[in-house]
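First comes the structure, then the notes that go with it.
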Amino acid sequence: MKVLLVCVGSRGDAEPFVAIADRLLQDSHQVEFVIQPELKELLVPSSSHSANNNLRVHEWPFTQYDFYKYAANPSKGANLEGRLRFVAIVADCIGELVLPSWKMVLDAAKDCNIIITSALARPLAFALSAKLKIPSVLIHLQPLVPTKLFPHSSNQDDFIETLQTLEISDDAITAESGLEENLETYWTLEQHQHDFLEDRLDKMYKEMEIEPKMTFTALRTILSGNDPSVFIGNSFFDEIIPRVVDAGPNVRHISSLADHYIPQGFEPPQNVVDFLNQSTDKPICVGFGSMPYSQVTLILKALKRLDGGQHRAILIGKALELPKPEDKNEDDDHDHDDDGLSAWVQTNVLQAYSLPYAWLLPQCQMMLSHGGAGVTHATLRAGIPPVISPLMGDQFFFAELLQSRGLGARAGQSLSTATEDDFVQAMEKAMGCVDSAKQFGEEVRNQPLGVDNLMNLLLDAVKL
1 MKVLLVCVGS RGDAEPFVAI ADRLLQDSHQ VEFVIQPELK ELLVPSSSHS ANNNLRVHEW
61 PFTQYDFYKY AANPSKGANL EGRLRFVAIV ADCIGELVLP SWKMVLDAAK DCNIIITSAL
121 ARPLAFALSA KLKIPSVLIH LQPLVPTKLF PHSSNQDDFI ETLQTLEISD DAITAESGLE
181 ENLETYWTLE QHQHDFLEDR LDKMYKEMEI EPKMTFTALR TILSGNDPSV FIGNSFFDEI
241 IPRVVDAGPN VRHISSLADH YIPQGFEPPQ NVVDFLNQST DKPICVGFGS MPYSQVTLIL
301 KALKRLDGGQ HRAILIGKAL ELPKPEDKNE DDDHDHDDDG LSAWVQTNVL QAYSLPYAWL
361 LPQCQMMLSH GGAGVTHATL RAGIPPVISP LMGDQFFFAE LLQSRGLGAR AGQSLSTATE
421 DDFVQAMEKA MGCVDSAKQF GEEVRNQPLG VDNLMNLLLD AVKL
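Shown next, in the form of structure tokens:
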């Protein structure tokens, strides 16, 4: 089987696709991978894969940072507010960056049997699927399939309140459950995105010589799981967000894709191994992914305050880079030399830049993060409490939902405004979630891997 992977987004969007590629290559399938240049380093193919030419990488002519060009003034819907304005911004990212690259992606798709796409690349993937007459699979890292069970997650308060009161069990949820008004919270957003993109979609379909063009009626059929050529894979734990049972037959539950993933040939840095082995007390892990953050001193002070500085910590990523002595001055916000903080950090804190969470987190006692889907699922699989200080999107509902279920804690209203007290209080609260998080992790680890579930879906889709 030859598979086209089409991924657009952040590192958190790319890592599940890297895990998919790894699983496909293990089974000797061929992979054409379209990815942003700044994320290509995530791909670590084995020598056998390279020798057999089973993996070919194609780079988008843009990076994640190009998305910000459209944040201030979307070309359509600039007068809208809130979630509809966000939809307008997303439409510009798709219409101005992704769709114009169709020739490159079409060339990569040559002789492929199936397409797997991320949400931001879906309009192009659907067009390729129609032109090449091959099936496609849309991977959802968030609950985006329209359903009566709960409203769209951008209706944050209603979404969380509904899930908190919804009994998640097979016999409690049926196709008749829920409210019609919940469905409309999805279709309203989809209608706006389609309208914002329509002229650019029509242009691409004409250039690609595809008939008929994509209509909103056709899109509704696809996104509700009723188009026989398009499958939708929901990639999140159904113990947290229930399965959508009122959608069409092509909506499938997959579960998380990258929560287990450790790159082949990974060797942990010796300084990390030594730090982990220094004590039987597991450290607290802190990482905010690609989120902008400059208050590392605040985090260090919170860690030192927790239980009188008894806990060690590993800081992951450049956003949490420890200040260097030569950078210190009287006005520097990173000055951490007061109240013995510098000495405490030197003894108890390790700086690391990139480690697979699937390897690291089982050796930690807690994870403090922004709450992205990838790190959250890896934390839950590891069986340790997540402490989430959210900044955008699904991070807010993960923070609130996991706290309400006794699995973790939320730190502050958002990462940009969270205080030292917010972090200390959240970590203290998470200490009381250790047993429930451990039990949840054991349950998850006893289930089939998401990548294995996806393989079954792919084989079903191509009828091999």
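Take 1 as the starting number for the sequence shown in full-length UniProt numbering and just add one per residue.
Glycine included, each C-beta is placed from N, C-alpha and C at the ideal position.
Own chain partners of residue i with C-beta closer than 6 angstroms, once the 5 adjacent residues on each side are dropped
i: D107; result: none
i: A302; result: E420, F423, V424
i: E59; result: P37
i: I241; result: P143
i: F67; result: C93
Test: residue i CB closer than 8 angstroms to a CB of chain B
i: V444; result: Protein chains in the displayed structure number just one, and chain B is not present.
Residue interval of the beta strand (DSSP E) (run including residue i)
i: R252; result: 251–253
i: R56; result: 55–59
Beta-bridge partners of residue i, as assigned by DSSP
i: I284; result: A313, M366
i: H140; result: N234
i: P386; result: M367
i: L4; result: E32, I115
i: L350; result: I314
i: A319; result: A319 is not bridged to any residue.
i: R410; result: I388
Nearest to residue i (by Cα), restricted to the options the options
i: L24; options: V451, D460, A461, T147; result: V451
i: Y186; options: P151, A127, Q351; result: P151
i: K103; options: M204, L315, E428, L276; result: M204
i: R405; options: S235, Q395, I160; result: I160
i: V6; options: Y65, D27, S101; result: S101
i: F196; options: A302, S256, G77; result: G77
i: N234; options: P228, V251, M427, R220; result: V251
i: V349; options: M214, L360, K304, K318; result: K304
i: G432; options: P386, T165, Q310, S229; result: P386
i: L300; options: V90, L368, F237; result: L368
i: L341; options: Q310, L360, Y357, E96; result: Q310
Host alpha helix (DSSP H) of residue i (start-end)
i: G374; result: 373–382
i: A125; result: 122–132
i: Q164; result: 156–165
i: K69; result: Segment: none, K69 is in no alpha helix (DSSP H) and carries neither H nor E.
i: A437; result: 434–445
i: D195; result: 180–207
i: F216; result: 216–223
i: M431; result: 420–431
i: S404; result: 394–404
i: Y357; result: 357–360
Own chain, CB closer than 7 angstroms to residue i, minus 5 neighbours either side, in chain order
i: Q403; result: A409, R410
i: A51; result: Unreliable positioning characterises A51 in this predicted model, as indicated by a pLDDT of 49, which lies under 50. The coordinate reading is nonetheless provided below. Same-chain partners within the cutoff: there are none.
i: A247; result: V145, T147, S224, G225
i: P249; result: G225
Contacts around residue i, its chain only, beta-carbon distance under 8 angstroms, and the 5 residues preceding and following it disregarded
i: F440; result: E239, L380, G383, L407
i: K463; result: none
i: D332; result: In this prediction, D332 has a pLDDT of 48, which is less than 50 and means its spatial position is unreliable; nothing more can be read from the coordinates.
i: R122; result: L138
i: I210; result: A127, A130, K131
i: D170; result: Since pLDDT at D170 reaches only 49, below the 50 mark, its modelled position is unreliable, and no value is offered.
Heavy atom of the ligand SAH within 7 angstroms of residue i beta-carbon
i: E428; result: Here there are no bound small molecules, and the ligand SAH is not part of this structure.
- prompt: Any chance the region 361–379 sits against the region 7–23, with 3 or more Cβ pairs inside 8 angstroms?
  reply: Yes, they touch.
message: For the structure I just gave you, are there three or more beta carbon pairs, one from the region 36–45 and one from the region 112–120, closer than 8 angstroms?
response: No, they do not touch.
At least 3 beta-carbon pairs within less than 8 angstroms: the region 51–70 vs the region 27–34: yes
query: Are three or more beta carbon pairs between the region 246–266 and the region 274–293 nearer than 8 angstroms?
result: no
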